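J.:
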Amino acid sequence: MKHWLTLLLSTSFIAGCIDTDPAQSLIETYAERTSRAIDIDFDLQLNKTSKLYPILPDRRERTETLRPITEGLIDVLDLKQCGLIDLIAQRNTSLGKLAGGSQRLIYELGFIPKLRSCQKLLTGDSSQTDVLARVQEINQIKSDNWPKQIWNSLYSSPEMEQHFSLGAAPLLPDADYSTSELMLTMQRFAEIAETQNNTDWQTPSFANELERDYETLYRSNFGSEWLASMALLTQVLEQTSEAINQRLNDRPICFNQRQNQKSEILWNVFMKFYVNSLQPYIAQVERTGRQWSNLHQAIIASLNLPQSRWLDTYTHPEGEVWSRYLKARENHTQSWQNILDQCGLRPGNQN
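Be aware that the sequence shown starts at 1, since it is given in the numbering used here, and climbs by one per residue.
Laid out in structure tokens, this is it:
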């Protein structure tokens, strides 16, 4: 019995070690070492990501309403000279009518440029006046709907939704996403959004590969992991800064900037656990997060829709996620500078 109990406890211990999150372990070690160095006993209180940031709005609230095309109006486009027969047939199938966001986006990327070409072809042909009027009407509806269609196909899709869930583990230290397939996928989506600013855009060469891009979105949890990392870093920076300020308001580590054994410990902790450990993770999260956020902001700028406001919360520099983090980082940096200044140890100034 004793043997089995020992085995059970050992197994539980090993499992616990395996389940330890590397990013959380890194920041907890940093907070603990800093606490010892400044002689301020504080327990790092880490709330879940969902406690820091608002949840994603309901899909219904995120979806733009499209202007419908009158039943039967588009049937007039069944013209051989316009090259639209196959696309219209595809639309009229049961699968076409039930197409998801990715398929609808692919369809419109092929259909709209051909529709514009059809309008140009019919212009000036007196025998096609009535048909031209209908084509112009459909073209106008498609143009009005286009930014909303792009938005719905991206931000109402389940593939994108999971990137804004608030339940993932944080990014792993040293994981580089800056040149990942996900960022290339987001770049293609940004290029699609840019078509809104060009009245004569053509079907992108990668249009038929968009299903693969949606699969890339589906297989990645980067957005959710990045939000978890931002929540983790924001909290450790805020709480460590508060602890350092508490020590500054209590009693100095050094008098008259004269270094001592305590200041040596402080400097070693600063270099080993902040500069060489936490700071690289901060840089990693910032670098990939800015790339991710900037691509979303590029899409928002091109589409210019009111529904995009919720996305600013997560990706805009003045949104809730970035602004709180940047304030925490600034205060944390200032707190370290102040306490190191006490001992003449500010980086670049120490002997």
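We put the beta carbon where it would ideally sit given N, CA and C, even for glycine. Please read all numbers here as calculations on a predicted model, not as lab measurements.
Excluding the 5 residues preceding and the 5 following I192 in the sequence, name in chain order all residues of the same chain whose CB lies nearer than 8 Å to its CB.
T.: Here the question's residue 192 lines up with position 192 in the sequence shown. Closer than 8 Å at Cβ, skipping near neighbours: L105, L109, I150, P204.
J.: Please classify T203: does DSSP put it in a helix, a strand, or coil?
T.: Translated into positions along the sequence shown, residue 203 becomes position 203. T203 falls in the coil class under three-state DSSP.
J.: If you run the structure through DSSP and keep just helix, strand and coil, what is S263?
T.: Position 263 of the sequence shown, counted from the first residue, corresponds to residue 263. In this structure, S263 counts as helix in the three-state DSSP scheme.
J.: If you check the beta carbons only, do V321 and L171 fall under 8 Å apart?
T.: By 1-based counting over the sequence shown, the position of residue 321 is 321. By 1-based counting over the sequence shown, the position of residue 171 is 171. Going by C-beta atoms, V321 is not nearer than 8 Å to L171.
J.: Leaving out the 5 sequence neighbours to the left and right, which residues in its chain are closer than 7 Å to L303 when beta-carbon positions are compared?
T.: The sequence position of residue 303 within the sequence shown is 303, counting from 1. Contacts found: P147, I150, W151, A193, Q196.
J.: By Cβ distance, which residues of its chain are closer than 7 Å to T63, with the 5 residues on each side in sequence left out?
T.: Along the sequence shown, one-based indexing puts residue 63 at 63. Around T63: N152, S156.
J.: Grab the span of the alpha helix (DSSP H) containing I150 for me, first residue to last.
T.: Along the sequence shown, one-based indexing puts residue 150 at 150. 129-155 is the span of the alpha helix (DSSP H), which, as asked, contains I150.
J.: Suppose you measure from the CA of T288 to the CA of S178; what does that come to, to the nearest Å?
T.: Residue 288 sits at position 288 when you count from the first residue of the sequence shown. Residue 178 sits at position 178 when you count from the first residue of the sequence shown. Rounded to the nearest angstrom, the two C-alpha atoms are 5 Å apart.
J.: According to DSSP, simplified to helix, strand and coil, what is E61?
T.: Taking the sequence shown and counting its residues from 1, one reaches residue 61 at position 61. Residue state, collapsed to three classes: helix.
J.: Check each candidate in F206, D176, D200 and name the one with the smallest Cα separation from R188.
T.: Indexing the sequence shown from 1 puts residue 188 at position 188. It is F206.
J.: Apart from the five residues just before and just after G252, which ones in its own chain have a Cβ nearer than 8 Å to its Cβ?
T.: As a working mapping, residue 252 is identified with position 252 in the sequence shown. First, the amino acid is wrong: residue 252 is Pro here, not Gly. Closer than 8 Å at the Cβ level, and outside the excluded window around P252, lie Q342.
J.: In its own chain, which residues sit with a C-beta less than 8 Å from the C-beta of S117, not counting the 5 before and 5 after it?
T.: Reading the sequence shown from its first residue, position 117 is the one you call residue 117. Excluding residues within five positions, the ones whose Cβ falls inside 8 Å are C82, G83.
J.: Comparing alpha-carbon positions, which option in N208, T240, S277 lies nearest A31?
T.: As a first step, residue 31 must be located in the sequence shown, where it is residue number 31. Comparing Cα positions, the closest option is T240.
J.: Taking Cβ positions, are Q136 and Q119 nearer each other than 8 Å?
T.: On the sequence shown, residue 136 is found 136 positions in, with the first residue counted as 1. On the sequence shown, residue 119 is found 119 positions in, with the first residue counted as 1. Yes, these two residues count as a Cβ contact at 8 Å.
J.: Can the beta-carbon of A168 be found closer than 8 Å to that of S224?
T.: Counting from one through the sequence shown, the residue named residue 168 turns up at place 168. Counting from one through the sequence shown, the residue named residue 224 turns up at place 224. Yes. Within cutoff.
J.: On the criterion of 16 or more Cβ atoms from any shown chain inside 10 Å, does F13 qualify as buried, or is it exposed?
T.: Position 13 of the sequence shown, counted from the first residue, corresponds to residue 13. Confidence at F13 is low in this model, with a pLDDT of 36, below 50, so the placement of that residue should be treated as unreliable; the coordinate-derived value is given next. With fewer than 16 Cβ atoms within 10 Å of its Cβ, F13 is classed as exposed.
J.: Is the Cβ-Cβ distance between F273 and W336 less than 8 Å?
T.: Stepping through the sequence shown from its first residue, residue 273 is reached at position 273. Stepping through the sequence shown from its first residue, residue 336 is reached at position 336. Not in contact: F273 and W336 (Cβ atoms no closer than 8 Å).
J.: Ends of the alpha helix (DSSP H) at C118?
T.: For this step, residue 118 is matched to residue 118 along the sequence shown. Its alpha helix (DSSP H) spans residues 101-122.
J.: For a test of the three-state rule: what should DSSP assign to P306, helix, strand or coil?
T.: Position 306 of the sequence shown holds residue 306. It is helical.
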